[in-house]
Each structure stands twice: as C-alpha cells, then as structure tokens.
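Report on one structure; see the data block that follows.
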Amino acid sequence: MEVVIHNIRSLFNIGACFRNCDAFGVKHLYLAGYTATPPRLEIAKTALGADDTIPWSHEPDILALIDRLQTEGKAVVAFESNPSFPSVEDVQVPSDAVILFGNEPEGLPEDVLNAADLRLYIPMQGTKTSLNISVACGVGLYALTHK
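Letter 20 of the sequence shown, counting from 1, is numbered 20 in full-length UniProt numbering, and no numbers are missing.
This is the structure in structure tokens:
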C-alpha cells in the first residue's frame, strides 16, 4: 500500500502521517501539492524517525501522479468526508492500492475525487463531519489493513 497526502499545511500533521505509514506498513508516502517535505524539525518531532525510514517523494501535480499510478495498474482510493461514498468498513481494497487523503478544511479537490478509482468515507457518530488529517490517515489505514 502507498499513501498520498495532498496540500497539508501543518508540519506536525505531516510527521504524524509518516508515523501512521510506518505503523501500517506503507511502502511509499507521496507528499503532494504544497505539502512540505523533510528535513523539517516540526515533521521530525512527530515522525519520530519514520521520516527516515518511510520512502517518500514530493509530487507537485497530484493529477499527474494519479495518472502515472493508474498507468502502473494501481488502484487509487480517495478518502473524503462524504457519507454518500461507501464506508471504509464495507470495502476491500487491493494490498497495492494507493490511498489519498486531503486536508481537513477543504478535503480533496473534485477533479482528484473524480480521478480516483474508488472513494471512501470514515463513518462518524459525533456532531463534527471531519477528522484531522493525521487521525483520518491512521483510522483509514487501520481499517484497510485489518480486514
């Protein structure tokens, strides 16, 4: 499994996503759009070394990245806080899928969602309709890798 995080401003959240990727055996983390890249002290603080062990690359153009990954035969799965999408609990994805997460205020752009092979959401029961990116990344990866 590979992960793409797109347009993430918080360096601490980026570091936490590195940790999540390490915890769930992710093979590569793509830092897309304006997402910052290591080495940065704030990323290292929450990554706790995962920024040194998880292979990563910066990809400024997420649509070009999606096209390239799909050409390689990989399924691209986008998470979004939209309950009309299938629940992550109800879907099996290939182990070599590429999982996309956007930022909390805006999510993934519509053109990115449309380019994905599958769109999923994480069911929630509270009054809020979204999760922090690092939390969504951890919950989503846990759900996909523990079926």
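Yeah, the Cβ is synthetic: ideal placement off N, Cα and C, and Gly gets one too.
Predicted model only: the values in this text are computed from it and were never measured.
Given a threshold of 16 other Cβ atoms within 10 Å of its Cβ, counted over all protein chains shown, does residue i qualify as buried or as exposed?
| i | result |
| --- | --- |
| Arg68 | exposed |
| Asn114 | exposed |
| Asp51 | buried |
| Gly107 | buried |
| Glu80 | buried |
| Asn20 | buried |
| His6 | buried |
| Ala64 | exposed |
Residue i to residue j, Cα distance in whole Å?
| i | j | result |
| --- | --- | --- |
| Ala44 | Pro38 | 8 Å |
| Glu103 | Ile122 | The sequence given here places Asn at residue 103; Glu does not occur at that position. If you take the alpha carbons of Asn103 and Ile122, they lie about 15 Å apart. |
| Val26 | Pro109 | 23 Å |
| Asp117 | Val93 | 11 Å |
| Val77 | Ser87 | 12 Å |
| Gly140 | Leu41 | 26 Å |
| Met124 | Thr53 | 32 Å |
| Leu100 | Leu29 | 10 Å |
| Phe12 | Leu31 | 14 Å |
| Tyr142 | Ser10 | 22 Å |
| Thr35 | Ala97 | 21 Å |
Between the Cα of residue i and the Cα atoms of the options, which residue gives the shortest distance?
| i | options | result |
| --- | --- | --- |
| Ile8 | Thr71, Gln70 and Cys137 | Cys137 |
| residue 148 | Leu41, His28 and Thr46 | The structure shown does not extend to residue 148, since the chain spans only 1 to 147, so no value can be given for it. |
| Pro55 | Phe18, Asp111, Val88 and Ser10 | Phe18 |
| Pro83 | Arg119, Leu65, Met1 and Val98 | Arg119 |
| Glu2 | Ser10, Tyr34 and Gln70 | Gln70 |
| Leu48 | Ile14, Leu141, Phe101 and Val91 | Ile14 |
| Gly73 | Ser95, Phe85 and Ser10 | Ser95 |
| Glu89 | Gly33, Val112, Asp111 and Lys147 | Lys147 |
| Gly33 | Val91, Val4 and Asn132 | Val4 |
| Val112 | Ile66, Ala23 and Ala16 | Ile66 |
| Pro105 | Leu144, Thr145 and Asn132 | Asn132 |
Is residue i near the ligand ATP, judged by its Cβ being under 7 Å from some heavy atom?
| i | result |
| --- | --- |
| Ala47 | Ligands are entirely absent from the displayed structure, and the ligand ATP is therefore not among its contents. |
In chain order, which continuous runs of the beta strand (DSSP E) of length 3 or greater are located wholly inside the UniProt domain "tRNA/rRNA methyltransferase SpoU type" (2–142)? 2–6, 28–32, 56–59, 76–79, 98–101 and 118–120
Should the segment 57–74 be regarded as contacting the segment 119–130, the criterion being three or more beta carbon pairs within less than 8 Å? no
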